[in-house]
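Reminder that position 255 of the sequence shown reads as 702 in the numbering used here, one-by-one numbering, no gaps.
Note that CB positions come from ideal geometry on N, CA and C, so glycine has one too.
Note that the structure is a prediction, hence the values are computed from the model and not measured.
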Amino acid sequence: MAVTVASAPGKIILFGEHAVVYGQPAIAVPVTAVQAKARVQPDISAPSSRILVWAEQIGLDAALDELPIDNPLAAAVRAALVALGVPRPPAFRLHVSSTIPLAGGMGSGAAVSVAIVRAVSDFVGRPLADEQVNQIAFEVEKLHHGTPSGIDNTVVTYAQPVYFVKGRPVERLEVRRPLHWLIADSGLPAPTAETVGDVRRGWQADPGRYETLFSEIGLLARQAREALAAGDMAELGRLMNANQALLQQLDVSSATLDALTTAALAAGAAGAKLSGGGRGGNVIALVDEPQAAQVREALLAAGAKTIIDTRLTRPRVE
Ligand code: PMV
Numbered sequence: 448m449a450v451t452v453a454s455a456p457g458k459i460i461l462f463g464e465h466a467v468v469y470g471q472p473a474i475a476v477p478v479t480a481v482q483a484k485a486r487v488q489p490d491i492s493a494p495s496s497r498i499l500v501w502a503e504q505i506g507l508d509a510a511l512d513e514l515p516i517d518n519p520l521a522a523a524v525r526a527a528l529v530a531l532g533v534p535r536p537p538a539f540r541l542h543v544s545s546t547i548p549l550a551g552g553m554g555s556g557a558a559v560s561v562a563i564v565r566a567v568s569d570f571v572g573r574p575l576a577d578e579q580v581n582q583i584a585f586e587v588e589k590l591h592h593g594t595p596s597g598i599d600n601t602v603v604t605y606a607q608p609v610y611f612v613k614g615r616p617v618e619r620l621e622v623r624r625p626l627h628w629l630i631a632d633s634g635l636p637a638p639t640a641e642t643v644g645d646v647r648r649g650w651q652a653d654p655g656r657y658e659t660l661f662s663e664i665g666l667l668a669r670q671a672r673e674a675l676a677a678g679d680m681a682e683l684g685r686l687m688n689a690n691q692a693l694l695q696q697l698d699v700s701s702a703t704l705d706a707l708t709t710a711a712l713a714a715g716a717a718g719a720k721l722s723g724g725g726r727g728g729n730v731i732a733l734v735d736e737p738q739a740a741q742v743r744e745a746l747l748a749a750g751a752k753t754i755i756d757t758r759l760t761r762p763r764v765e
């Protein structure tokens with residue numbers, strides 16, 4: 448058996464986080480500048496079927512059998528073997544690494560799952576279809592926070608820009624002209640399970656208010672799809688700012704994230720908002736080339752730890 452390697456990109460949500468959990472549309476794009484990688488290597492000296500999982504970035508080096516049921520890496524391996532119908536594969540070592548910031552709202556968990564499932568299924572000689580990979584990654588997402596919408600695993604599996612509605616097939620996203628976002632890391636973790644839980648409690652306490660906020664966010668995502676198709680950057684920027692205002696009302700922004708969006712806008716970004724679960728993680732700023740350098744400087748001056756560029760160029764979702 449040969450060594451197999453698979454990777455999967457990070458992602459950002461352009462519009463619609465949180466509301467997407469409640470059935471509203473959202474837009475997400477892959478970020479290929481960062482990747483999770485899984486490598487499976489046969490372990491001929493090991494007892495048959497022994498699986499070792501090694502991920503030095505999170506201090507993990509253990510036999511699969513010793514890992515708890517809710518360990519997401521172990522869960523991805525186990526779910527892949529179940530889906531493949533190979534409960535006792537030849538012994539192997541799995542090495543997992545990632546350049547996607549952990550807990551940064553960039554889909555690191557989903558990307559790790561997708562890379563593992565692909566590397567393991569290739570290793571046993573039965574590569575799984577994207578749909579199955581996506582389904583398994585979705586099951587693992589449930590370990591990270593109980594009620595994921597499925598947007599992270601979907602955009603990461605297909606590595607395409609997506610217009611996503613929970614439970615529906617992925618829709619094609621048309622992009623009229625190239626667009627450039629700066630992704631600024633606040634340096635704070637994005638506690639997605641916490642923010643998703645807080646929004647749920649808020650919704651339970653005051654369903655009317657929250658459902659209005661969710662529909663307003665959904666409307667922005669629909670308008671953003673039109674603006675992307677028309678190549679209307681000024682409109683997209685306006686929609687991002689409106690989305691950020693609604694995320695503030697959902698109480699998932701923070702002083703740090705607000706300071707970053709304010710700095711980006713003051714330096715000439717067309718729009719800026721948090722991306723992902725919020726409170727920490729990343730802020731994204733839509734920039735025109737002439738302003739890109741000064742927005743980058745402003746974000747760094749406002750405390751951004753790193754900045755990643757991402758460009759949305761052409762439609763590829765079928
Ligand atoms: O994993 P994150 O931090 O990108 O957040 C996911 C986006 C949410 O809408 C907040 C949750 C979800 O499952 O869609």
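Inset, instruction - Report the three-state DSSP secondary structure of LEU620 (helix, strand or coil). - result: coil
Inset, instruction - Reducing DSSP to helix, strand and coil, say where ILE474 ends up. - result: strand
Inset, instruction - Apply the 10 Å Cβ neighbour rule to SER492 and answer buried if 16 or more other Cβ atoms are within range, or exposed otherwise. - result: exposed
Inset, instruction - Classify HIS627 as helix, strand or coil using the three-state DSSP reduction. - result: strand
Inset, instruction - Can you give me the start and stop residues for the alpha helix (DSSP H) that HIS591 sits inside? - result: 577 to 591
Legend entry - VAL543 vs ALA485 beta-carbon contact at 8 Å: yes
Inset, instruction - Identify every residue that forms a DSSP beta bridge with ALA485. - result: ALA453, VAL543
Inset, instruction - Could you tell me the boundaries of the beta strand (DSSP E) in which GLY718 lies? - result: 718 to 722
Inset, instruction - Please classify GLU673: is it buried, with 16 or more other beta-carbons within 10 angstroms of its beta-carbon, or exposed? - result: exposed
Inset, instruction - Check whether the segment 657 to 667 touches the segment 570 to 583, counting contact only when three or more Cβ pairs, one atom from each stretch, lie closer than 8 Å. - result: no
Legend entry - Simplified DSSP state of ILE491, which is helix, strand or coil: coil
Legend entry - Unbroken alpha helix (DSSP H) run spanning ASP569, endpoints: 555 to 570
Legend entry - Same chain, Cβ closer than 7 Å to THR451, five either side skipped, listed in chain order: VAL487, ALA566, ASP569, PHE570
Inset, instruction - Would you mind stating whether ARG743 and PRO638 have Cβ atoms separated by less than 8 Å? - result: no
Inset, instruction - Please name the residue, chosen from GLN738, SER700, ALA745, GLU736, that lies closest to ASN729 on a Cα-to-Cα basis. - result: SER700
Inset, instruction - Would you check whether the ligand PMV has a heavy atom nearer than 7 Å to the C-beta of ASP698? - result: no
Inset, instruction - Give me the Cβ distance between PRO472 and ARG669, rounded to the nearest whole Å; I'm assuming they're in contact under 8 Å. - result: 6 Å
Legend entry - Cβ pair count under 8 Å reaching 3, the segment 551 to 558 against the segment 509 to 517: no
Legend entry - Cβ separation of LEU686 and ILE664, assumed to be a contact under 8 Å, to the nearest whole Å: No, LEU686 and ILE664 are not in contact; Cβ-Cβ is about 10 Å, not under 8 Å.
Inset, instruction - Using DSSP bridges, identify the partner residues of THR703. - result: Its beta-bridge partners do not exist; DSSP assigns none.
Inset, instruction - Report buried or exposed for ARG535, applying the criterion of at least 16 other Cβ atoms within 10 angstroms of its Cβ. - result: exposed
Legend entry - Terminal residues of the alpha helix (DSSP H) in which ASP653 lies: Unbroken run through ASP653: none, as it is neither H nor E.
Inset, instruction - Could you tell me the boundaries of the alpha helix (DSSP H) in which VAL524 lies? - result: 519 to 531
Inset, instruction - Check whether the Cβ of THR757 sits closer than 7 Å to any heavy atom of the ligand PMV, and report yes or no. - result: no
Inset, instruction - Assign ALA702 to one of two classes, buried (16 or more other C-beta atoms within 10 Å of its C-beta) or exposed (fewer than that). - result: exposed
Inset, instruction - In the DSSP assignment, find the alpha helix (DSSP H) that holds TYR605 and state where it starts and stops. - result: 598 to 605
Legend entry - Interface flag, ASP517 vs chain C, CB-CB below 8 Å: Checking the listed chains, one finds no chain C in this structure; it contains a single protein chain.
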